[in-house]
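Protein chains: 2
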Amino acid sequence: MKLSQKTKYALRALQVLAREREPVRIATLAEREDIPRKFLEHILLELNNHGILSSRRGRGGGYQLRKQPEDVCLGDVVRLFDGPLAPTSCSSERAFRACDDCKDPDGCALRGVMREVRDATARILDNLSLADLNQRADAVARLTPGGR
Amino acid sequence: MKLSQKTKYALRALQVLAREREPVRIATLAEREDIPRKFLEHILLELNNHGILSSRRGRGGGYQLRKQPEDVCLGDVVRLFDGPLAPTSCSSERAFRACDDCKDPDGCALRGVMREVRDATARILDNLSLADLNQRADAVARLTPGGR
DNA sequence: GATAAAGTTGATAGAATCGGTAGAGATATG
DNA sequence: CATATCTCTACCGATTCTATCAACTTTATC
Chain A
1 MKLSQKTKYA LRALQVLARE REPVRIATLA EREDIPRKFL EHILLELNNH GILSSRRGRG
61 GGYQLRKQPE DVCLGDVVRL FDGPLAPTSC SSERAFRACD DCKDPDGCAL RGVMREVRDA
121 TARILDNLSL ADLNQRADAV ARLTPGGR
Chain B
149 MKLSQKTKYA LRALQVLARE REPVRIATLA EREDIPRKFL EHILLELNNH GILSSRRGRG
209 GGYQLRKQPE DVCLGDVVRL FDGPLAPTSC SSERAFRACD DCKDPDGCAL RGVMREVRDA
269 TARILDNLSL ADLNQRADAV ARLTPGGR
């Protein structure tokens with residue numbers, strides 16, 4: 001499961017939005033996080049359409065988190081942009097599909113292995129919220145004051 | 149880390165070669181495992197060039213495992229065809245590279261998370277050999293006799 | 001209600017990757 | 001030498017990824 005640029009941008013933007021609880025304009029986000037503006041529009045729109053963000057148009061508008069930062073987990077974001085966590089479709093929990101050339105998924109030894117990988121990944125990403133992520137970032141920042 | 153078709157083909161071929169300790173022809177492997185022949189040539193060649201297989205040309209030739217089935221782990225095969233196990237280059241152990249747009253890898257909270265994912269994946273794939281995989285396949289086959 | 005700020009949408013495009021094919025070349029064996 | 005087999009280089013079509021553009025719609029404020 002290679003993380004796409006899109007997902008990385010999304011998570012960076014969400015980290016900001018999890019802190020600011022006021023609407024933030026696309027332009028501001030794009031500048032602060034150094035994300036191509038037009039590309040970011042797509043990303044935020046998709047997050048909006050999936051109920052993670054809400055938007056307000058017009059003056060004073062922008063995007064803000066619709067849920068609580070504790071209630072958005074990394075797994076959800078990754079799945080939204082990069083698809084199922086599982087390495088093969090046959091090992092996916094939420095999006096199972098037998099592999100095209102697989103005669104018998106239940107007799108496939110590889111599938112068992114890949115289910116282990118998926119489960120391990122999901123255990124990490126589904127138990128980590130935006131709030132946790134920001135908390136970690138703060139913890140690291142305290143350890144290396146001055147940054148860079 | 150989505151598993152490519154190439155990797156799946158490679159593992160299927162290796163499972164066969166881990167059982168037969170005689171040279172097996174490309175054509176035979178392609179037929180038995182239902183893999184496009186020309187595509188399989190590439191795959192076996194790459195495994196050969198990386199010291200996992202050895203080859204013999206001419207009559208009676210073919211490919212065979214160069215190492216012991218216990219000494220080839222899934223992690224090696226996956227890395228060969230699909231690249232590093234880590235979800236981001238900055239979280240890779242063997243192929244670390246700072247992300248293009250990352251100012252400070254050490255201060256990146258996401259990186260820490262992705263290292264956890266990488267480690268969990270590696271722990272599974274690097275501790276499982278071809279021999280283990282075949283053993284698992286046999287175990288499943290015994291549970292569902294008749295197959296299919 | 002005019003106007004401007006802001007989000008929404010669809011089309012497009014270049015680059016990279018993936019799955020696969022073609023064919024000539026090299027080499028071992030009988 | 002003839003044949004069987006692997007080796008190597010090039011190429012192709014489809015898809016995905018990243019990103020950009022232009023046009024449109026909605027809303028806040030004056």
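Taken in sequence, the protein lines are chains A and B.
First residue of the first sequence? That's 1 in the numbering used here, and the numbers climb one at a time after it.
First residue of the second sequence? That's 149 in the numbering used here, and the numbers climb one at a time after it.
We treat Cβ as the ideally placed atom computed from N, Cα and C, and that holds for glycine.
Given that a residue counts as buried once 16 or more other Cβ atoms are within 10 Å of its Cβ, and exposed if not, what is arginine 242 of chain B? Sequence index remark: in the second sequence, residue 242 of chain B carries index 94 (1-based). Exposed.
Look at the alpha carbon of arginine 148 of chain A and the alpha carbon of aspartate 252 of chain B, and state the distance between them as a whole number of angstroms. Here residue 148 of chain A refers to the residue found at position 148 of the first sequence. Here residue 252 of chain B refers to the residue found at position 104 of the second sequence. The predicted model places arginine 148 of chain A with a pLDDT of 49, which falls under 50 and marks its position as unreliable; any figure quoted below should be read in that light. Taking the straight line from one Cα to the other gives about 6 Å.
For glycine 62 of chain A, the first and last residue of its enclosing beta strand (DSSP E): Residue mapping note: residue 62 of chain A aligns to position 62 of the first sequence, counting from 1. Residues 62-65.
Taking the straight line between their C-alpha atoms, what separation do you get for aspartate 221 of chain B and alanine 166 of chain B? Indexing the second sequence from 1 puts residue 221 of chain B at position 73. Indexing the second sequence from 1 puts residue 166 of chain B at position 18. This sequence places cysteine at residue 221 of chain B; aspartate is not what is there. C-alpha separation (whole angstroms): 12 Å.
Taking only three categories from DSSP, how would you classify glycine 147 of chain A? On the first sequence, residue 147 of chain A is found 147 positions in, with the first residue counted as 1. Residue confidence is low: glycine 147 of chain A scores 49 on pLDDT, short of 50, so the model does not pin down where it sits. No coordinate-derived value is stated.
Taking all protein chains shown into account, decide if lysine 197 of chain A is buried (16 or more other Cβ within 10 angstroms of its Cβ) or exposed. Outside the displayed span of chain A (1 to 148) sits residue 197 of chain A, for which this structure offers no information.
Return the residue from the list B:Leu177, B:Gly260, B:Thr292 that minimises the CA-CA distance to leucine 192 of chain B. Taking the second sequence and counting its residues from 1, the one referred to as residue 192 of chain B is at position 44. Of the candidates B:Leu177, B:Gly260, B:Thr292, the one whose C-alpha sits nearest the C-alpha of leucine 192 of chain B is B:Leu177.
Nearest chain A C-beta to isoleucine 200 of chain B closer than 8 Å, yes or no? As a working mapping, residue 200 of chain B is identified with position 52 in the second sequence. Not closer than 8 Å to any Cβ of chain A, the Cβ of isoleucine 200 of chain B fails to qualify, so no.
Nearest-angstrom beta carbon gap, aspartate 280 of chain B and threonine 144 of chain A [assumed within contact, 8 Å]: Here residue 144 of chain A is taken as the residue at index 144 of the first sequence, counted from 1. Here residue 280 of chain B is taken as the residue at index 132 of the second sequence, counted from 1. Wrong, their Cβ atoms sit about 41 Å apart, outside the cutoff.
Can you round the beta-carbon distance between methionine 1 of chain A and lysine 186 of chain B to whole angstroms, since I take them to be within the 8 Å contact cut? Position 1 of the first sequence holds residue 1 of chain A. Position 38 of the second sequence holds residue 186 of chain B. Incorrect: roughly 29 Å between the Cβ atoms, too far for contact.
Indicate the three-state DSSP secondary structure (helix, strand or coil) for proline 128 of chain A in the structure shown. As a first step, residue 128 of chain A is located in the first sequence; it is residue number 128 there, counting from the start. The amino acid at residue 128 of chain A is misidentified as proline; the sequence shows leucine. DSSP places leucine 128 of chain A in coil when its eight states are reduced to three.
Listed from N- to C-terminal order along the chain, which residues in the segment 215-242 of chain B have their beta-carbon within a distance smaller than 7 Å of any beta-carbon of chain A? In summary, the residues of the segment 215-242 of chain B whose CB is separated from some CB of chain A by less than 7 Å are Leu222, Pro235, Thr236, in the order they occur in the chain.
Relative to the C-alpha of serine 4 of chain A, which candidate in A:Val16, A:Asp101, A:Leu85 has its C-alpha closest? Stepping through the first sequence from its first residue, residue 4 of chain A is reached at position 4. Out of A:Val16, A:Asp101, A:Leu85, the CA that lies nearest to the CA of serine 4 of chain A is found in A:Leu85.
Chain B contact residues for leucine 34 of chain A, given Cβ-Cβ distances below 8 Å: Residue 34 of chain A sits at position 34 when you count from the first residue of the first sequence. For the sequence presented, residue 34 of chain A should be read as aspartate rather than leucine. Going along chain B in sequence order, the residues near aspartate 34 of chain A (Cβ under 8 Å) are Asp249.
Close beta carbons around serine 89 of chain A, own chain, < 8 Å, minus the five adjacent residues each side: Position 89 of the first sequence holds residue 89 of chain A. Closer than 8 Å at the Cβ level, and outside the excluded window around serine 89 of chain A, lie Ala95, Phe96, Arg97, Ala98, Cys99.
Report the three-state DSSP secondary structure of serine 202 of chain B (helix, strand or coil). For the purposes of this step, residue 202 of chain B is taken as the residue at position 54 of the second sequence. In this structure, serine 202 of chain B counts as strand in the three-state DSSP scheme.
Test: lysine 186 of chain B CB closer than 8 Å to a CB of chain A: Here residue 186 of chain B is taken as the residue at index 38 of the second sequence, counted from 1. With 8 Å as the cut-off, lysine 186 of chain B does not count as an interface residue toward chain A.
Taking Cβ positions, are glutamate 46 of chain A and arginine 12 of chain A nearer each other than 8 Å? Within the first sequence, the letter at position 46 stands for residue 46 of chain A. Within the first sequence, the letter at position 12 stands for residue 12 of chain A. In this structure, arginine 12 of chain A does not lie closer than 8 Å to glutamate 46 of chain A by Cβ.
Which residues in chain B have a C-beta closer than 7 Å to the C-beta of alanine 141 of chain A? List them in chain order. Here residue 141 of chain A refers to the residue found at position 141 of the first sequence. Per Cβ cutoff of 7 Å: Gly255.
Which of the three DSSP states is assigned to valine 72 of chain A in this structure? In the first sequence, the residue the question calls residue 72 of chain A occupies position 72. Note: valine 72 of chain A maps to coil in three-state DSSP.
Counting only Cβ pairs nearer than 9 Å, list the residues of chain B close to glycine 60 of chain A. As a working note, residue 60 of chain A is residue 60 in the first sequence. Chain order gives no chain B residues near glycine 60 of chain A, where near means a beta carbon separation below 9 Å; the closest approach is about 30 Å.
Per-residue contacts from alanine 10 of chain A into chain B (C-beta, under 7 Å): Taking the first residue of the first sequence as position 1, residue 10 of chain A is located at position 10. Neighbours of alanine 10 of chain A on chain B: none; closest Cβ ~11 Å, over 7 Å.
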